[in-house]
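Chemist: Quick one: this structure, given as structure tokens, is what I'll be asking you about.
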Amino acid sequence: QKQIQIAPSILSADFSKLGEDIQLVEKGGADVIHYDVMDGHFVPNITIGPLVLDSIRKVTQLPIDVHLMIENADDYIPAYAKAGADWISVHVEACPHLHRSIQLIKSLDKRAGVVLNPHTPLSAIEDILPDVDFVLIMSVNPGFGGQSLIASCLDKIARLKNLLIQRNLEHIEIEIDGGVKLDNIQQVIDAGTDIIVSGSGIYNTPDPIATIQQMKQVGTT
Ligand code: DX5
Ligand code: ZN
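Sequential numbering from 2 applies to the sequence shown in the UniProt record's numbering.
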């Protein structure tokens with residue numbers, strides 16, 4: 002079995018000591034740093050922009066996974082690429098010219114991902130699949146950390162996994178985002194997930210380092 006990757010979401014970190022909180026999860030063996038960008042339009046919350054990304058780029062060697070929950074993504078993708086993003090993902094619901102947005106990310110030499118909200122069917126990404134490096138399945142409605150995982154999203158991941166096998170696109174990685182914790186991570190892995198985002202499930206535990214180590218343990222057994 003392929004080793005799963007853990008991507009702590011810094012949305013649940015303490016922003017008054019963000020550098021330390023990133024180094025903390027790095028110590029625990031995090032594989033990727035998940036960076037949530039919200040604009041108050043596509044989702045009902047506002048978070049962080051390229052300026053903060055530029056600062057944290059200097060405190061970690063880990064790849065940074067920028068999840069854009071914004072409208073007009075094409076206007077901002079270059080700024081995130083320049084500030085140090087390694088992966089950039091955009092929502093199918095927010096990008097009327099999705100193919101153009103994905104090509105823009107790739108033209109900047111970044112790994113490109115497409116994201117689906119919980120209610121968006123897999124059929125919405127059928128035609129873009131060959132162009133992406135990963136698919137991010139939202140397992141909560143985007144906007145906030147600390148929500149519960151919507152169970153039907155696990156079935157969606159299993160169906161996506163089959164679709165990728167059928168279409169010889171198994172190099173495309175499947176990422177999940179929302180409500181993943183130590184107590185449900187086994188089901189998430191069993192569904193066929195490669196990359197697991199977890200915010201409150203890591204940062205809101207007493208010992209985030211131990212939590213990541215335990216999550217990775219589940220991923221290897
Ligand atoms: C939700 C964000 C998530 C969020 C996950 O809109 O995209 O990345 O930080 O937080 P948890 O793991 O607490 O559900
Ligand atoms: Zn996210």
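Think of the CB as a built atom: it goes at the ideal place given N, C-alpha and C, for glycine as much as any other residue.
All of these numbers come straight from a predicted model, not from anything done at the bench.
Thinking C-alpha only, which one of Gly50, Pro64, Ala84, Ile34 is nearest Ile213?
Modeler: The residue with the shortest Cα to Cα distance from Ile213 is Ile34.
Chemist: Grouping DSSP H, G and I as helix and E and B as strand, with all else coil, what is Phe135?
Modeler: Phe135: strand per DSSP, three-state reduction.
Chemist: Short check: CB of Ile175 to CB of Asp191, under 7 angstroms?
Modeler: No.
Chemist: Which class does His68 belong to by DSSP, given the choice of helix, strand or coil?
Modeler: Note: His68 maps to strand in three-state DSSP.
Chemist: Determine the contact status of Met139 and Ile7, defining contact as a CB-CB distance below 7 angstroms.
Modeler: No.
Chemist: Under 8 angstroms, with one C-beta from each stretch per pair, do the region 71–87 and the region 51–62 reach the 3-pair mark?
Modeler: Because the criterion of three Cβ pairs below 8 angstroms is met, the region 71–87 and the region 51–62 touch.
Chemist: Excluding the five sequence neighbours on either side, which residues of its own chain have a C-beta within less than 7 angstroms of the C-beta of Gly220, listed in chain order?
Modeler: Closer than 7 angstroms at Cβ, skipping near neighbours: Gln4, Ile5, Ile190.
Chemist: Determine whether the beta carbon atoms of Val128 and Ala113 lie at a separation below 7 angstroms.
Modeler: The identity of residue 128 in the sequence shown is Asp, whereas the question assumes Val. In this structure, Ala113 does not lie closer than 7 angstroms to Asp128 by Cβ.
Chemist: Does the distance from the CB of Asp132 to the CB of Leu105 come in under 7 angstroms?
Modeler: No, the Cβ-Cβ distance between Asp132 and Leu105 is not below 7 angstroms.
Chemist: Would Val60 pass as a contact of Gly29 if the rule is Cβ separation under 7 angstroms?
Modeler: Not closer than 7 angstroms, so no.
Chemist: By a C-beta neighbour count over all protein chains shown, 10 Å radius and 16 as the cutoff for buried, is Asn163 buried or exposed?
Modeler: Exposed, since its Cβ has fewer than 16 Cβ neighbours within 10 Å.
Chemist: Give me, in chain order, the residues of the same chain whose beta-carbon lies closer than 8 angstroms to that of Ala101; leave out the 5 immediate sequence neighbours on both sides.
Modeler: In the sequence on display, residue 101 carries Arg and not Ala. So the list reads Asp75, once near-sequence residues are dropped.
Chemist: Kindly indicate which three-state DSSP category Pro119 falls into: helix, strand or coil?
Modeler: DSSP places Pro119 in coil when its eight states are reduced to three.
Chemist: Per DSSP, which residues does Ala113 bridge with? Please list them.
Modeler: According to DSSP, which records beta bridges pairwise, Ala113 is partnered with Ile89.
Chemist: Taking the C-alpha atoms as reference points, what is the distance between Lys18 and Gln187?
Modeler: Going from the Cα of Lys18 to the Cα of Gln187 covers about 31 angstroms.
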